[in-house]
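Under our numbering, the first residue of the sequence shown is numbered 283, with each subsequent residue one higher. Heads up, the beta-carbon is just placed ideally off N, CA and C, and yes, glycines get one too. Values in this document were obtained by computation on a predicted structure and should not be read as measured data.
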Amino acid sequence: MAARLWQETAILILATLIAILALVEGINTGVVFWIWVVVMIVALIRRPLVEKAALPPPADPVPADPEIVLRTAFSGLAALDVPVLIIDREASVLMQNAAADKAFGAFPPGAHISAKLRSPGVLDMVRETVTTNTPNQIEHSERLPSERVYIVRIAPIDLPESDVEPGTFFVLSFRDISELRHIDRMRSDFVANASHELRTPLASLRGFIETIQGPAKADPKAQQRFLGIMFDQTTRMSRLVDDLLSLSRLELKSHIAPDQKVDLVPLLGHVRDALLPLAGDLDVTINLHLPPGKVEVLGDRDELVQVFENLIENACKYGQEGKVVEVSLLNEPGQAVEVIVSDRGPGIPAEHVPRLTERFYRVNVEDSRSKKGTGLGLAIVKHILTRHRARLIVKSEVGKGTDFTVRF
283 MAARLWQETA ILILATLIAI LALVEGINTG VVFWIWVVVM IVALIRRPLV
333 EKAALPPPAD PVPADPEIVL RTAFSGLAAL DVPVLIIDRE ASVLMQNAAA
383 DKAFGAFPPG AHISAKLRSP GVLDMVRETV TTNTPNQIEH SERLPSERVY
433 IVRIAPIDLP ESDVEPGTFF VLSFRDISEL RHIDRMRSDF VANASHELRT
483 PLASLRGFIE TIQGPAKADP KAQQRFLGIM FDQTTRMSRL VDDLLSLSRL
533 ELKSHIAPDQ KVDLVPLLGH VRDALLPLAG DLDVTINLHL PPGKVEVLGD
583 RDELVQVFEN LIENACKYGQ EGKVVEVSLL NEPGQAVEVI VSDRGPGIPA
633 EHVPRLTERF YRVNVEDSRS KKGTGLGLAI VKHILTRHRA RLIVKSEVGK
683 GTDFTVRF
């Protein structure tokens with residue numbers, strides 16, 4: 283800035299000196315003024331042109347180091363939770379992000395992708411893209427260590443900042459759609475199971491109605507017996523429809539967490555009292571272990587009643603052999619509030635435990651139907667607890683009983 287001001291001042295002094303000399307020579311004052319203006323204009327116009335002419339010609343851009351450009355481009359992918367690999371034309375792995383490391387393990391430096399990915403479909407897709415230099419994608423399933431389904435996509439990387447030719451490097455990404463596939467299977471299973479569960483009692487009703495209208499038309503005792511069975515079937519269908527509607531309502535508001543305080547001490551007492559007649563019929567004792575004072579959680583009272591009614595009723599029915607159901611409310615300082623429902627029944631084999639909350643899943647179909655279960659009780663419990671941001675933990679040992687823990 284100082285240099286620029288000095289240059290402007292020098293021009294002004296030069297023009298003023300020329301004007302003074304003109305006056306000394308006796309030139310008219312008006313003419314001197316215009317000489318001064320012209321000198322100033324010429325000097326101001328000429329200076330930037332001279333400066334521009336003096337500038338050195340622009341140098342040709344130096345191509346950036348391909349490895350630096352590649353690492354810069356990869357830095358934006360490194361933080362993604364989607365597994366991403368950078369490979370070259372030989373299908374050697376140059377870089378991988380943390381998600382890829384977690385999903386497939388670390389590739390040795392410069393290793394071929396077949397070191398970890400041996401799917402013929404993936405390898406053929408990579409080979410085709412390297413040859414044609416066009417993006418491609420397939421659906422790929424991994425069976426071990428657990429079943430996962432990915433949309434695998436490969437595309438060439440364009441690095442305009444470097445002199446690397448297009449098609450030298452490729453990005454290979456894996457989008458996990460396992461949960462979507464699982465939901466699709468559950469939906470189709472749900473429709474099939476719901477249809478089956480309704481079809482069976484409807485077929486029974488139709489058969490009994492035809493019998494009452496035909497062979498048993500004049501048999502009051504047979505009619506009375508058949509009407510009792512028909513009542514049981516309609517009651518079962520009514521429970522099934524109610525459970526289906528409950529699931530639908532819960533799904534609609536699953537994203538809205540309840541914000542009301544609910545005291546679990548009187549709530550569990552209410553549930554125990556409501557189930558005493560059922561427990562008496564099954565010759566089961568319900569023991570309630572409650573701490574002194576209030577134990578409050580954020581929740582919806584009616585929904586929590588439904589949760590503990592389902593859990594305690596199941597413990598009475600399926601743990602009937604143990605004769606006792608223990609319900610414990612734990613509220614230790616610094617620990618999560620827990621409600622544990624324990625029975626001393628036959629227990630549940632380990633392979634069935636992860637699927638207990640699936641709709642219509644039953645460990646023993648005949649046993650469940652004989653106890654008038656709809657197969658939806660634990661699915662409803664899971665949905666309610668998900669809305670309450672709580673967890674259901676199941677521990678069971680064959681021959682020793684089962685513990686269902688609700689942890690808030």
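Rounded to whole angstroms, how far is the Cβ of residue i from the Cβ of residue j, which I believe are closer than 8 Å?
i, j, result
"L667", "L658", "Their Cβ separation, rounded to whole angstroms, is 15 Å, which puts L667 and L658 out of contact at 8 Å."
"A632", "C598", "Contact doesn't hold; Cβ gap of about 23 Å is too wide."
"T639", "K664", "4 Å"
"V566", "K605", "6 Å"
"V434", "Q419", "6 Å"
"A547", "K576", "The question names Ala, but residue 547 in the sequence shown is Val. Yes, V547 and K576 are in contact; Cβ-Cβ is about 6 Å, under 8 Å."
"G392", "S374", "5 Å"
"T656", "D563", "That pair is no contact at about 19 Å."
"F490", "M468", "Not confirmed; about 33 Å, so no contact."
"V676", "V635", "5 Å"
"R669", "L532", "7 Å"
When you compare each of the options to residue i by their alpha carbons, which one comes out closest?
i, options, result
"F452", "D363, E492, T567 and R353", "R353"
"N569", "V587, V544, G581 and I622", "I622"
"R671", "D555, D541 and F389", "D541"
"A388", "L441, P402 and V366", "V366"
"V587", "E614, L557, G616 and D565", "L557"
"P615", "P573, T656 and P559", "P573"
"D545", "A381, V566, V579 and L527", "V579"
"V609", "R626, G575 and K535", "R626"
"P559", "H571, K576, E591 and S528", "E591"
"S401", "A485, Y432 and T416", "Y432"
"G449", "I459, I436, R521 and N613", "I436"
"I630", "D383, G683, D584 and E533", "G683"
"I494", "R481, L509 and A485", "L509"
"K543", "F690, A381 and I459", "F690"
"S486", "L362, R521 and D514", "D514"
"E424", "T416, S460, I439 and D440", "S460"
"R463", "D685, N415, L362 and R430", "R430"
"L660", "V589, R457, D555 and L405", "V589"
"D685", "L593, T416 and A382", "L593"
"D555", "A381, K499 and E595", "E595"
"A385", "D363, N613 and E421", "D363"
"R641", "D584, H571, L612 and S528", "S528"
"D440", "S357, N415, P497 and D501", "N415"
Would you mind reading off the limits of the beta strand (DSSP E) that contains residue i?
i, result
"I666", "Note, I666: premise wrong, no beta strand (DSSP E); alpha helix (DSSP H) at G659 to R669."
"R641", "Looking at the DSSP string, R641 is not in any beta strand (DSSP E), and its letter there is neither H nor E."
"D458", "F451 to D458"
"R425", "Taken as a continuous stretch (DSSP letters only), R425 belongs to no beta strand (DSSP E), as it is neither H nor E."
"G681", "Premise fails: G681 is in no beta strand (DSSP E) and is neither H nor E."
"D370", "V366 to D370"
"S624", "E620 to D625"
"I433", "R430 to P438"
Could you tell me if residue i is buried or exposed, where buried requires 16 or more neighbouring beta carbons within 10 angstroms of its beta carbon?
i, result
"R518", "buried"
"I465", "exposed"
"I662", "buried"
"I395", "buried"
"V332", "Confidence at V332 is low in this model, with a pLDDT of 48, below 50, so the placement of that residue should be treated as unreliable; the coordinate-derived value is given next. Exposed."
"V680", "exposed"
"L454", "buried"
"G601", "buried"
"S477", "exposed"
"D582", "buried"
"I369", "buried"
"T413", "exposed"
"L287", "Model confidence at L287 stands at a pLDDT of 44, short of 50, so the residue's coordinates are unreliable and nothing is read from them."
"S678", "buried"
"S536", "exposed"
"E479", "buried"
"E603", "exposed"
"N379", "buried"
"A474", "exposed"
"S530", "exposed"
"P483", "buried"
"N646", "exposed"
"V523", "exposed"
"P390", "exposed"
"A284", "Only weak support is given to the placement of A284: the predicted model assigns it a pLDDT of 48, under 50, and the question is left unresolved by the model."
"P628", "buried"
"S624", "buried"
"R481", "exposed"
"A397", "exposed"
What span of residues does the alpha helix (DSSP H) with residue i cover, start to end?
i, result
"K384", "A380 to F386"
"L580", "Taken as a continuous stretch (DSSP letters only), L580 belongs to no alpha helix (DSSP H), being part of the beta strand (DSSP E) at E578 to L580."
"R699", "In the structure as shown, the chain starts at 283 and stops at 690, and residue 699 therefore has no counterpart that could be examined."
Exercise for review: Please specify which runs of the beta strand (DSSP E), each continuous and at least 3 residues long, are wholly inside the segment 582-617, giving them in chain order.
Suggested key: Fully enclosed beta strand (DSSP E) runs of 3 or longer: 606-612.
Exercise for review: Could you tell me which uninterrupted beta strand (DSSP E) segments, each at least 3 residues in length, are contained entirely in the segment 521-574, listed from first to last along the chain?
Suggested key: You should have 543-545 and 567-571.
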